[in-house]
Amino acid sequence: MTVIPVKRLGAAKSRLRGAVPPERHPELVLAMMLDTAAAVLNATVVAELIVVTDDEVVARAVREMGAKVSPDPAAGLNAALRFGADEVGGLAAHRAVLTGDLPALRPADLDAALAATAPGRAFVPDAAGTGTVLLAAPPREPLEPRFGPGSAGAHRASGAVPLTGDWPGLRQDVDTAADLATVLRLGAGARTRTLLRDLGLSRACAPAACAG
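Each residue of the sequence shown is one higher than the one before, starting from 127 at the first, in our numbering.
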């Protein structure tokens, strides 16, 4: 079972503001999130996707994709992750939480990362090595998320094991315009790629990068 938290689109990804025209910012956030969700739903080891959100646009879109929606407890990111994983998903399940800004994620990379999870809690650091893009917990063990600045160090200090596989699309979250350029080189999902192309912010990519 996998959980993705999503803020209301108008408030999400504040550091990314300015990468696209202001009125299109919510569209970009939604496109990246839906590309992430599509990859999760196509991973072979994921039985269910739960999206924790109070945004009706997000909720409607992910339900149409086959995900389950849970309300946000409105107590911050880590509270949303704990609620979605431990309460909605339940401690009996193997749970993984992901950030919703991984538009270059490939299902095979997520499968490989989840297959590599240790007997206890495990996490995947972001491309910079300081943040976290995935945290997993086995049955009967609480998730204990510590997302936020320096989360990779915080998760390691909490006893979670870092996973260091070669999964560039999984590791590359999007906080800045430079990150957008990176995910386009890696091969962003169709929704993100189409939006940026419509805005004139990306040229046609190489066939390998456009796959999916």
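Using N, Cα and C, we set each Cβ at its ideal position, and we do this for glycine too. What you are looking at is a predicted structure, and each value in this text was computed from that prediction instead of being measured.
Report the residue ranges of all alpha helix (DSSP H) runs contained in full by the region 217-271; include only those spanning at least 4 residues, in chain order.
233-241
Could you tell me if the beta carbon of ALA304 falls within a distance shorter than 6 angstroms of some heavy atom in the ligand ATP?
Among the components modelled here there is no ligand, and therefore nothing to report on the ligand ATP.
I need the straight-line Cα distance from GLU149 to LEU156, nearest angstrom please.
Annotation: GLU149 to LEU156 spans about 13 angstroms, alpha carbon to alpha carbon.
Using 7 angstroms as the threshold, is the C-beta distance between VAL166 and LEU175 below it?
yes
With H, G and I counted as helix, E and B as strand and the rest as coil, what does DSSP make of ALA335?
Bear in mind that the predicted position of ALA335 carries a pLDDT of just 44, short of 50, making it too unreliable to give a figure here.
Can you tell me which of THR225, ALA200, LEU296 puts its alpha carbon nearest to the alpha carbon of PRO131?
THR225
Would GLY291 and LEU312 qualify as a contact pair, given that the criterion is a beta-carbon distance under 7 angstroms?
It is not a contact, given that the beta carbons lie outside the stated cut-off.
With 16 other CB atoms within 10 Å as the buried threshold, where does PRO268 fall?
When all chains shown are included, PRO268 counts as exposed.
Proximal residues to ASP181 (C-beta, below 8 angstroms), its chain only, five neighbours per side dropped:
VAL132, LYS133, ARG134, LEU135
Kindly indicate which three-state DSSP category SER284 falls into: helix, strand or coil?
coil
Of the choices MET127, VAL129, ALA145, THR128, whose alpha-carbon is the least far from that of ALA422?
The chain is shown only over 127 to 338; residue 422 falls outside these bounds and no answer can be derived.
What residue range does the beta strand (DSSP E) around LEU175 cover?
175-179
Reduced DSSP category for PRO131 - H, G, I as helix; E, B as strand; rest coil
strand
Please list, in chain order, all residues of the same chain as PRO233 whose beta carbon is under 6 angstroms from its beta carbon, the five residues on each side excluded.
ALA165, ASN168, ALA169
Roughly how many angstroms lie between the CA atoms of GLU270 and THR320, to the nearest whole one?
36 angstroms
Is the distance from the Cβ of GLY276 to the Cβ of THR256 below 7 angstroms?
In this structure, THR256 lies closer than 7 angstroms to GLY276 by Cβ.
Among MET191, PHE209, ALA193, LEU142, nearest to PRO199 - alpha-carbon criterion
PHE209
Nearest-angstrom Cα separation, counted from ALA241 out to PHE249
12 angstroms
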